[in-house]
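All the letters of the sequence shown, read from the start, carry residue numbers -20 to -1, 1 to 181 under mature numbering (1 follows the signal peptide of the UniProt record, and there is no 0). Even glycine gets a Cβ: it sits at the ideal position worked out from N, Cα and C.
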Amino acid sequence: MFRCSVFIVLSFITPCVMFASDNTDTLANKKVPCGVASTTLLLKLNGQDVTYSDVEKEFLRDHEATELMTLSFADLATVLRRFSVPTVSYRVESTIDARNLPTPSIIFIQDASGQTDAGHFVVLKHLDDDGRAVLADATKLKPNIVMPLSKLQRYWKGELLTTRPSFANVTGLYVLFGCCLVASLYFGFRSWRREKNKVYV
């Protein structure tokens, strides 16, 4: 759960400010696909030094420009992986589950009519201490939209796309743990042998 501190708040806000400063001209001059903008912001929140144009080029490898307005979660996941950011998809079934959901993540919200084709990708940054969702609409440069979770779930079916530690990082942790374990066993055994071989007079 998110803890309210100056450091953590800044760590979430700064990437959004960077996104705005890097992409103001791009966003102001054309209608921006929400999937591309949300993917760019999620990459920034994960420490990637990318611009909107960088991410858009990756989407254009697989799609025509006119298709960028109708991207799917699978399309977003493909581009995230190209930036070496492994992804995982979740479906939240209840409010209780939602309070433990992984953030930041990309979610798809519908309009009041509930029409899927009228939906919009946004970034769910975190839940605040009151259990409210803090969203970012990257297409409108709105870094913090606070909404009660109960209200959000009226427009959100529960699907989300988030990132996870890469296999390389996880493997590195296991290797480090294994090395520490072997070292401790080795030195422990040597200490035991010395004690065993001591001659007491």
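C-alpha distance - residue i paired with residue j, whole-angstrom precision
i      : j      : result
ASP108 : THR67  : 23 Å
GLU36  : LEU25  : 17 Å
CYS14  : ALA57  : 14 Å
VAL112 : GLU139 : In the sequence on display, residue 112 carries Arg and not Val. Straight-line Cα distance between these residues: approximately 18 Å.
LYS105 : LEU129 : 13 Å
VAL59  : LEU81  : 22 Å
ASP42  : LYS137 : 27 Å
LEU132 : LEU23  : 23 Å
SER64  : THR83  : 18 Å
THR6   : LEU121 : Confidence in THR6 is poor, its pLDDT being 45 and thus under 50, which makes the residue's placement unreliable; the coordinate value appears in the next sentence. Straight-line Cα distance between these residues: approximately 11 Å.
ASP163 : SER69  : In the sequence as presented, Asp is not what sits at residue 163; that position holds Ala. Straight-line Cα distance between these residues: approximately 38 Å.
LEU51  : GLN90  : 14 Å
CYS159 : ARG144 : 24 Å
ALA78  : VAL16  : 25 Å
GLN28  : ASP34  : 11 Å
VAL114 : PRO123 : 9 Å
VAL72  : ILE87  : 11 Å
VAL30  : ALA54  : 20 Å
LEU40  : LEU161 : 48 Å
DSSP state of residue i mapped onto helix, strand, coil
i           : result
ALA8        : Its pLDDT being 45, under 50, ALA8 is placed unreliably by the model, and the measurement read from it follows with that caveat. Note: ALA8 maps to helix in three-state DSSP.
VAL103      : strand
residue 187 : Look at the range of the chain in this structure, -20 to 181, and you will see that residue 187 is not part of it.
LEU121      : coil
SER85       : strand
ARG134      : helix
ARG144      : coil
ARG79       : coil
VAL65       : coil
Which listed residue (the options) has its alpha carbon closest to that of residue i
i      : options                  : result
LEU141 : LEU121, VAL72 and SER85  : SER85
VAL12  : LEU132, ARG61 and THR119 : THR119
HIS100 : TYR135, GLU38 and HIS43  : TYR135
LEU48  : ARG79, LEU161 and SER18  : SER18
Beta carbon of residue i nearer than 8 Å to that of residue j
i      : j      : result
GLU38  : ARG61  : no
TYR32  : THR20  : yes
VAL126 : ALA116 : no
Below-8 Å beta-carbon distance, residue i vs any chain D residue
i     : result
CYS14 : Looking for chain D here will not work: only one protein chain is present.
### Query
Where are the beta strand (DSSP E) runs, 3 residues long or more, that stay fully inside the stretch 24 to 59, in chain order?
Uninterrupted beta strand (DSSP E) stretches at least 3 residues long and entirely within the stretch 24 to 59 do not occur.
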